[in-house]
Structure formats: structure tokens, C-alpha cells
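Numbering (our numbering), first residue to last: 42 to 352.
The structure under discussion appears below in the form of C-alpha cells.
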Ligand code: UDP
Ligand code: MG
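Shown next, in the form of C-alpha cells:
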């Protein structure tokens with residue numbers, strides 16, 4: 042099989058040489074073991090780096106392909122650029138990070154699962170001892186919140202995964218602009234497998250995902266997968282309306298026993314009733330916007346796994 046490794050790089054000049062060295066060694070041994078074809082490639086996508094990442098990529102040998110994006114377009118877009126480049130040229134593509142946090146030795150297991158028929162193989166972290174307390178917990182909260190809001194993601198899986206050429210073809214049918222690959226890939230379905238690996242420390246440099254980018258990433262993930270937040274407004278409106286009847290009763294009682302200052306009953310009732318009605322109205326409008334949103338994304342309606350035709 043022809044294997045492409047797709048690696049987005051943003052200011053990774055400190056990591057690239059070591060990553061390339063280790064991947065080349067891995068490729069050599071895989072070729073020797075006849076597990077992959079010698080036309081296999083490593084594809085680096087320079088995501089608008091400010092350092093000399095691109096110069097380094099350009100000077101690598103024959104096995105390395107470089108793609109330079111016009112500016113920093115974000116990890117997910119850079120990854121997609123690489124995967125779409127690999128599509129049609131390989132039998133399977135593995136996406137990974139440039140910082141060697143994803144265990145390169147897991148590639149053997151990825152290929153085994155592919156040979157057993159899996160179209161998508163997810164790399165799942167068996168532990169994250171090497172991550173800082175902060176990173177570990179924010180990352181776990183990230184997965185939990187995502188799932189709570191209806192974006193189904195694979196627990197503890199980042200973007201270390203193998204996709205067969207067929208899975209890449211299906212991925213290319215997703216047209217959305219707000220790209221959240223971790224949520225989209227599970228939507229493809231087909232036969233999948235998981236491979237466990239230990240997450241290592243970043244080889245050099247620092248994380249390109251500071252808290253701010255991570256929060257944005259999570260918000261993107263949630264809002265491009267679910268309209269649950271809109272529904273929340275609707276139900277909140279419903280709740281406020283129900284409460285407003287209780288307030289109404291309370292205000293009337295206070296009025297009847299003669300303790301209300303003049304005008305108070307009317308004001309308090311209007312505030313609660315109107316607030317509830319307004320929120321319901323927003324929720325209803327939101328529902329329609331949500332529908333428009335999913336129409337605009339124009340996702341494929343179905344993905345065929347198999348067709349058997351009798352000749
Ligand atoms: N990356 C990218 N564009 C960005 C941010 C990150 O291409 O805007 C790349 C980065 O070079 C790395 C991968 O995405 O190869 C994952 O980033 P990082 O390792 O910094 O994230 P972390 O592992 O800390 O979550
Ligand atoms: Mg990393």
C-alpha cells in the first residue's frame with residue numbers, strides 16, 4: 042500500500058528535523074518489511090509559519106512533499122489541505138502532529154488495522170501523564186462539553202488517525218467552512234478501529250494551542266455541530282413563562298392583602314411575562330436559523346458502505 046503521512050506545521054522549525062528523521066527511519070523499516078510501498082510520502086503543510094519552517098521543508102529529500110499555505114489558516118484547515126492533496130494519490134493517509142507527541146510506532150498498528158479492513162483508524166491516548174495538569178484537565182473538559190452539546194467525538198482522540206482513500210473521498214463531500222474534523226470524521230461511518238498509544242511530551246517548542254485558541258476551537262466544534270444552544274434559549278423561555286404565572290399569583294396575593302405599593306403588581310407581572318415571551322420568540326426564530334444553518338452546510342445525505350449487484 043502507498044501511505045501518506047500528513048503533518049500540519051505552524052512554527053515548528055525546532056521539531057521538523059527530528060520528526061523527519063524518525064519518520065524516515067520508520068518508513069524505511071516499513072518498506073523493508075513490505076508493509077508499505079516505496080512511493081509512500083511524508084506531506085508537510087506549512088500553515089503560514091513565521092519562522093524558517095518552509096525553508097527547512099523545502100530542503101528535505103525526495104520522500105518529503107511540502108505544501109505552503111498563503112497564511113495561517115488554522116490546524117484543521119491545514120490538515121484538510123494535506124488530506125485533500127493525498128486523496129487519490131495514496132491508499133491511506135495518516136494525519137499527525139509535527140511535535141512527535143503522537144507515538145510514531147503506532148503506525149504499525151494503524152497499518153495492521155487497515156489491512157484487516159478498517160477504513161478509519163482512530164489513535165486514542167491511553168494516558169496523558171506527560172501533559173501538564175492544566176492541559177490534561179482542560180482537554181478532558183473539552184471532550185465532555187463537546188459531547189454534552191451534541192458534537193459526538195471519539196473520547197481522547199485528537200487528530201492522529203488513519204483514513205483510507207475511500208474515507209478521504211467521502212470526507213471531500215462535506216462542504217462546510219467551519220471545519221471540525223474530529224466531529225466530521227465519525228459522521229462518515231464505515232468500518233473503524235482504534236489503536237491505543239501513549240502521548241509523549243512535545244519534542245521542542247511550545248504548544249500552538251494556547252487557552253484562547255482552545256476555547257475558540259471548542260466553541261467552533263459545538264456551534265458547527267449542534268443547535269442545542271438555541272434550544273436551550275427556547276426552554277429557558279418556557280421556564281421563565283411558567284415562573285411568571287407563579288409571580289402573577291404572588292403579586293395578586295400581595296395586592297389583595299393590601300401590601301403592594303400602587304403600580305407594583307402591574308410592573309412586576311409585565312417584566313416576567315414579557316421576558317418569558319421574548320425568550321420563547323427568540324428560541325423559535327433561532328430554531329429556523331438553526332435549520333437554515335444545517336441546510337447551508339449542505340452535508341451529504343448519506344454515505345454508501347457497500348452495493349451488491351447481481352450480474
Ligand atoms: N498547527 C497548525 N496551525 C495552527 C496551530 C497548530 O498547523 O494554527 C499545528 C502544529 O504545528 C502541530 C499541530 O498543529 O503540528 C498541533 O499543534 P500543537 O502540538 O501545538 O497542539 P497541542 O498538542 O498542544 O494540542
Ligand atoms: Mg502537540
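Glycine included, C-beta positions come from ideal geometry on N, C-alpha and C.
Here the distance from the Cβ of residue 177 to the nearest heavy atom of the ligand MG is not below 8 Å.
Scanning 56, 157 and 78 for the CA closest to the CA of residue 246 turns up 56.
For residue 83, the closest of 205, 51 and 126 by C-alpha to C-alpha distance is 126.
Here the segment 43-63 makes contact with the segment 137-144; the two share three or more CB pairs at distances below 8 Å.
Looking only at 64, 301, 283 and 330, the smallest Cα-Cα distance to residue 315 is reached by 283. When rounded, the separation of the alpha-carbon atoms in residue 197 and residue 166 is 6 Å.
For residue 88, the three-state secondary structure derived from DSSP is coil.
Short note on residue 153: C-beta not closer than 8 Å to any heavy atom of the ligand MG. Annotated three-state conformation of residue 294 is helix, per DSSP. When the beta-carbon positions are compared, residue 190 and residue 267 come within less than 9 Å of each other. Here the segment 46-55 makes contact with the segment 93-104; the two share three or more CB pairs at distances below 8 Å. Residue burial annotation: residue 242 is exposed, with fewer than 16 other C-beta atoms found within 10 angstroms of its C-beta. If the five residues before and after residue 259 are omitted, its C-beta is found closer than 6 Å to the C-beta atoms of 183, all from its own chain and listed in chain order.
The beta carbon of residue 248 sits closer than 8 Å to at least one heavy atom of the ligand MG. DSSP, reduced to helix, strand and coil, places residue 352 outside both helices and strands of the structure shown, so it counts as coil. Partner residues in the beta bridge of residue 168, as assigned by DSSP, are 239. DSSP places residue 252 in the uninterrupted alpha helix (DSSP H) bounded by 252-264.
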